[in-house]
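A.B. asks:
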Amino acid sequence: MELGRLGVWISTDRLDAAQLKALLKTVEGHGYSAFWYPESRGYESMALGGFLLANSQKLIIGSSIANIYARDAFTAKRGLATLNALHGGRFILGLGVSHVPMVEGLRGHSYDKPIPAMRGYLDGMAKAGQEDLPVVLAALGPKMLELAAARTRGAVPYNVTPEHTAQAAKILGPGRILAVEQKVCVETDKAKARALGRKELARYMTLTNYVNNWLRLGFTEAELKDGGSDRFIDAMVLSGDAATVKAGLRAHFTAGATHVCIQPVHADGDFAARDTMLAALADS
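Numbering (the UniProt record's numbering), first residue to last: 1 to 284.
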């Protein structure tokens, strides 16, 4: 599997079949190598992966991430094998431990300690067949990154900075995928860009896993209050003209990323703005 330089990360739950097909055509038409999608409260990850594969030609389709509490390890391994067997080896399974509200509040499971839970899940997947299939982990902290390096093809960090990318690259070592998600807003009005960024980030700022990682990266508790400081928002959402945003994306590659998946930040339903950004950043 050749995971190219640039991919696209899109929250898919609010898009219907026609909108997803149009988006895939846009992403593929601009030459992006991969399309990444989450698993939240809407579409089930494997079923959506099959739809995205069936409606694209060459794109690598990646879950970012499939929740390990949503299906057992055997099912995840067989789903991964099935999608690759039926769609030309274009699916990469990103796995994550998710967050307490999504596990206990939504699904009614007990949220276990992340590292033992993920290690046990990978052990279960190994028992479901010995195929060498592409798995990566949603890894933020050093211990999860170490597990990703030891047991999978790499990591798909989310809501991070180039400083985190450099740390992750060092822990993962050579030969591992480091596919970093980066939010972007091609908008020269800084106040407008920051307002869009704060709205986009609001749901993440209540989740312990992200907050702890931001604190590790040097942001203060004060900077994470009241929607986030300007410094924090500017780090999480690259904004400005296309050249400025491209420079920010290159910082991840300089830090050691092997792949960057951009997530356009725009007003709700403004697909024209989304697609304009995808066009403007395709040659980053």
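Glycine included, C-beta positions come from ideal geometry on N, C-alpha and C.
Pull up the CB-CB distance for I61 and L53, whole angstroms please, since I reckon it's below 8 Å.
C.D. replies: Right, the Cβ-Cβ distance comes to about 5 Å (below 8 Å), so this counts as a contact.
A.B. asks: Taking the DSSP output, what are the residues bridged to R239?
C.D. replies: According to the sequence provided, residue 239 is Ser. The question's Arg does not apply to it. Bridge partners of S239: C185.
A.B. asks: Considering just the uninterrupted stretch of the beta strand (DSSP E) at I68, what are its terminal residues?
C.D. replies: First-last for I68: undefined, no H or E at that position.
A.B. asks: Is the CB-CB distance between M125 and K77 below 8 Å?
C.D. replies: Yes, the Cβ-Cβ distance between M125 and K77 is below 8 Å.
A.B. asks: Does the beta-carbon of S239 have 16 or more other beta-carbons within 10 angstroms, so that it is buried, or is it exposed?
C.D. replies: Counting Cβ neighbours within 10 Å, S239 comes out buried, since at least 16 surround it.
A.B. asks: Can you tell me where the beta strand (DSSP E) holding Q263 begins and where it ends?
C.D. replies: Unbroken beta strand (DSSP E) run through Q263: 259 to 264.
A.B. asks: Once DSSP output is grouped into helix, strand and coil, what is the label at F91?
C.D. replies: Of the three classes helix, strand and coil, the one that applies to F91 here is strand, per DSSP.
A.B. asks: Across which residues does DSSP place V180 in a beta bridge pair?
C.D. replies: Bridge partners of V180: V260.
A.B. asks: Which one of A279, G129, L48, V97 has the shortest CA to CA distance from V184?
C.D. replies: Selected option, being the one with the closest Cα: A279.
A.B. asks: Using the Cα positions of A155 and R203, report the straight-line distance between them to the nearest angstrom.
C.D. replies: Rounded to the nearest angstrom, the two C-alpha atoms are 22 Å apart.
A.B. asks: Residue ranges of each alpha helix (DSSP H) run of no fewer than 4 residues wholly in the segment 135 to 181, ordered along the chain?
C.D. replies: Counting whole runs of 4 or more residues, the segment 135 to 181 contains the alpha helix (DSSP H) stretches 142 to 151, 162 to 172.
A.B. asks: By a C-beta neighbour count over all protein chains shown, 10 Å radius and 16 as the cutoff for buried, is N209 buried or exposed?
C.D. replies: Answer is buried; the Cβ neighbour count reaches 16.
A.B. asks: On the DSSP letters alone, give me the boundaries of the beta strand (DSSP E) that G105 sits inside.
C.D. replies: That residue, G105, is in no beta strand (DSSP E); it is neither H nor E in DSSP.
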